[in-house]
Amino acid sequence: MLNKMKPKLESMKQLHEKLLQEINGPSSDSDVDAVMEDLSPAKFAEKTKQLHDLSLITDKYSEVEAQIRDLHSLQQMLDDPLTAQDKDLLEMTQEEIKSTTETIVQMEKDLLLSMLPTDTADEANALLEIRAGTGGDEAGLFAAEILRMYERFAERQRWRWEEISKTHDGLGAIKDATIAITGSNVFGQLKFESGVHRVQRVPATETQGRIHTSTITVAIMPQPTEVQVQIQDSDVRVDVFRASGSGGQKVNTTDSAIRLTHLATGIVVAIQDERSNQKNRAKAFTILRAKLYEREREKLASERRDSRRKQVGSGARSEKIRTYNFPQNRVTDHRINKTLHELESVLDGESLPEFIQALRVEEQTDLLMAMNEDESP
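According to full-length UniProt numbering, the sequence shown is numbered sequentially starting from 1.
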């Protein structure tokens, strides 16, 4: 694959040299002043970042080229009749060729991975939405368990966990929940969790011992900044109403609940968890901003997606992605056909990274294949 990418790599190398000359090239103070006049601080910072990003690739490319030159030298040595006459030298050369070849293979892989397009949203904070699906009370109980799984995983990552809203549905069950998660690379790690999660087990209320199947849906959305998604007052209809809840609660005595309707898309967000109208309003706009951002991301992804490409990690919410089978102590991710027979460890958030890492590798493989096809004549 690297041979097909060579023209692109050479082009990147030339661009790197050009940028390096533009930034570091002036030979006198007057030349430096002229360059700084031509480049605004923002433009200079942009070119510096571009140079840094290119360096990560071109440096790896130079290292690969150096290793390839070493391999050619070793092969020439192996072909030398004098080498064949020296048993120790022959064995050493053969060993060096084997080692260098393995190094080149790994370095080429690292180089190709560094060329993959990066998703800037990977570094973003995220909103987690969980909704009970088919299965009645059992679905609500499973939704609560999956919510706890993500909370434990977040604790292990030392992320901040903030409950935006939660609707309880019976003892220990939840109907839906929205959580804001803040930390390092939150969306990048959780984005593969979007989709339908299925549980198979015998409910506590089942007297015949029959296995029931229930589902929940999980949505992971990157949390944009106000700069990334700007919402004008004229874009939204704001309705204020009295929060519902148990009779006699103070929350019901004021019009504190907020419902936002985005006029252009029809997206509706309602929040009533806080007693403060302003707090509910802030939470509602946080969710609306994330939904609009994700809607635009999905639109762009749909336009760019190759019909051949798998939808691993696409976040398609109608997609059944994972099954949790309690009788068999099994968790299976259907997108990559990966099974772990350690259900409790997964639900504790401890083994969840095994799925996340496998899905990330699959995503990278898919992107490499797509990149290879794009470079094909």
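Even for Gly, the Cβ is constructed at its ideal location relative to N, Cα and C.
DSSP lists Val-218 as the bridge partner or partners of Gly-195. Arg-322 sits in a strand when the DSSP states are folded into three classes. Relative to the Cα of Arg-330, the nearest Cα in the group Ile-321, His-341, Ile-336 belongs to His-341. Take the alpha-carbon of Glu-350 and the one of Tyr-324: they are about 15 Å apart. Distance from the CA atom of Ile-258 to the CA atom of Asp-169, rounded to whole angstroms, is 21 Å. Counting along the chain, His-334 sits inside no alpha helix (DSSP H), nor does DSSP assign it H or E at all.
Per DSSP, reduced to three states, the secondary structure at Glu-206 is coil, with no helix or strand assignment.
In the DSSP assignment, Ile-23 falls within the alpha helix (DSSP H) that extends over 2 to 24. Per DSSP, reduced to three states, the secondary structure at Ile-68 is helical. Collapsing the DSSP output to three states places Ile-267 in coil. Shown here, Gln-94 sits in a helix according to DSSP, grouped into three states.
Cβ contact annotation for Leu-292 (same chain, cutoff 6 Å, sequence separation greater than five): Val-229, in chain order.
Of all alpha-carbon atoms in Phe-192, Gly-135, Ala-180, the one lying nearest the alpha-carbon of Thr-205 is that of Gly-135. Approximately 5 Å separates the beta-carbon atoms of Ser-165 and Thr-178; this is inside 8 Å, confirming the contact. For the 9 Å CB-CB criterion, Arg-295 and Thr-265 form a contact. Selection Arg-198, Val-186, Glu-102, Gln-50 evaluated against Phe-142 yields Arg-198 as nearest (Cα-Cα). Residue pairing by DSSP leaves Ser-99 without any beta bridge partner. Lys-320 and Ala-139 have their C-alpha atoms roughly 15 Å apart. Comparing alpha carbon positions, the residue from Asp-255, Thr-93, Asp-86 closest to Ser-73 is Thr-93.
Leu-347 and Met-149 do touch by the CB rule: their CB atoms are close to 5 Å apart, below 8 Å. In the structure shown, the three-state DSSP call for Asn-185 is coil.
In this structure, the CA atom of Phe-355 is about 13 Å from the CA atom of Gly-188.
For Ser-40, the three-state secondary structure derived from DSSP is coil. For the set Asn-185, Glu-193, Asp-80, the Cα lying nearest the Cα of Thr-118 is the one of Asn-185.
By the CB criterion at 9 Å, Pro-7 and Ala-124 fall outside the cutoff.
Taking every protein chain shown into account, the CB of Phe-241 has fewer than 16 other CB atoms within 10 angstroms, so this residue is exposed.
DSSP places Thr-83 inside the alpha helix (DSSP H), whose first and last residues are 81 to 85. In the three-state scheme derived from DSSP, where H, G and I count as helix and E and B as strand, Ala-124 is classed as coil. Per DSSP, the continuous beta strand (DSSP E) segment holding Leu-260 begins and ends at 257 to 262. Boundaries cannot be given for Ser-351, as no alpha helix (DSSP H) includes it and DSSP labels it neither H nor E.
For Ile-164, the enclosing beta strand (DSSP E) starts and ends at 160 to 168. Counted as a single uninterrupted DSSP element, the beta strand (DSSP E) harbouring Asp-239 occupies residues 236 to 241. Residue nearest to Ile-97 within the set Ile-68, Thr-120, Met-115 is Ile-68 (criterion: CA-CA distance).
DSSP places Arg-156 inside the alpha helix (DSSP H), whose first and last residues are 137 to 157.
CA-CA distance, Asp-137 to His-212, rounds to 11 Å. Only residues of its own chain outside the window of five on either side were considered, and among them Ile-211, Thr-213, Asn-325 have a CB closer than 6 Å to the CB of Gln-200, listed in chain order.
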